[in-house]
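Residues in the sequence shown are numbered consecutively from 1, following UniProt numbering.
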Amino acid sequence: MSQTIREINNLNGTIHRFTTAYHPQTNGLTERLNKTLTDMISMYVDVDQKNWDNILPYALFAYNTARQETTGYSPFFLVHGREVETPLDSILPYQPAGTAEYYVGHLVTNAEDARMLARLNILQAQSKDKERYDKKHQEVTYKEGDLVWMFTPIRTVGLSEKLLKRYFGPYQVIRKISSVNYQVEGVTNTRRRRKTPRYRPCSQNEALPRTRSPRRDCPGSCD
């Protein structure tokens, strides 16, 4: 990471977290937003998919003005302390009671109250999600010398992605770097580093090289 990005993160108080390829759980909020926008754009994009950038501003506007189930507020309201003004609001203008100073103070108070309540709602939702995830999650660890298959998604033109091979190997675990990172080595001595959830155990029978069955003699002519 460049020094400029480090300084920007320090000034903003941002904690930079690194993610692993094909492992979106570390950056779940961003991936969830990307999926929502993708689903929205897919409903209006042309067949050739060349006008997605023209639809993106409208999809973002709809997302930012929609009430979120987790926070209980729209993203626009949490930032500005009020709901967005639509063309209908311009046709039928609303004049708030009181002075301009009172209106501004009321907006600031509403925004701060909404943000505090949104934080509490997010913490409650995260706690419920964690509890639900922990019930099904099983800790996976590997030892040095274990054989594993490594998840490597590929795409081939003309072939169905659902039917393509996703795990390659076997690879042998060389050393454990951390609780979720391992260094593995393949038959070509190619060393790679990946997170645990993208491995799966390899049995001894799977590790054996596949050989073609010997040709059987058959009566008559065998071409």
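All C-beta atoms in this analysis are idealised placements derived from N, C-alpha and C, irrespective of residue type, glycine included. As the structure is a prediction and not an experimental result, all values here were calculated from the model.
Here the alpha carbon of R67 sits roughly 8 Å from the alpha carbon of P75.
Straight through space, the alpha carbons of K50 and I91 are spaced by roughly 35 Å.
Linking Y63 to L37 through their CA atoms gives a straight-line distance of about 8 Å.
Between V173 and Y182, the C-beta spacing is below 8 Å.
According to the DSSP assignment, Y63 belongs to the alpha helix (DSSP H) that extends over 52 to 64.
Beta-bridge annotation (DSSP): H16 is not paired with any residue. For R32, the enclosing alpha helix (DSSP H) has its first and last residue at 28 to 42. Counting along the chain, V148 sits inside the beta strand (DSSP E) bounded by residues 147 to 151. Around the beta carbon of G13, fewer than 16 other beta carbons lie within 10 angstroms, which makes this residue exposed. Here the alpha carbon of E185 sits roughly 31 Å from the alpha carbon of Y133. Here the stretch 139 to 153 does not lie against the stretch 113 to 130, with fewer than 3 beta-carbon pairs under 8 Å apart. Boundaries cannot be given for I177, as no alpha helix (DSSP H) includes it and DSSP labels it neither H nor E. Around the beta carbon of P170, 16 or more other beta carbons sit within 10 angstroms, so the residue counts as buried.
T71 and A118 do touch by the CB rule: their CB atoms are close to 4 Å apart, below 8 Å.
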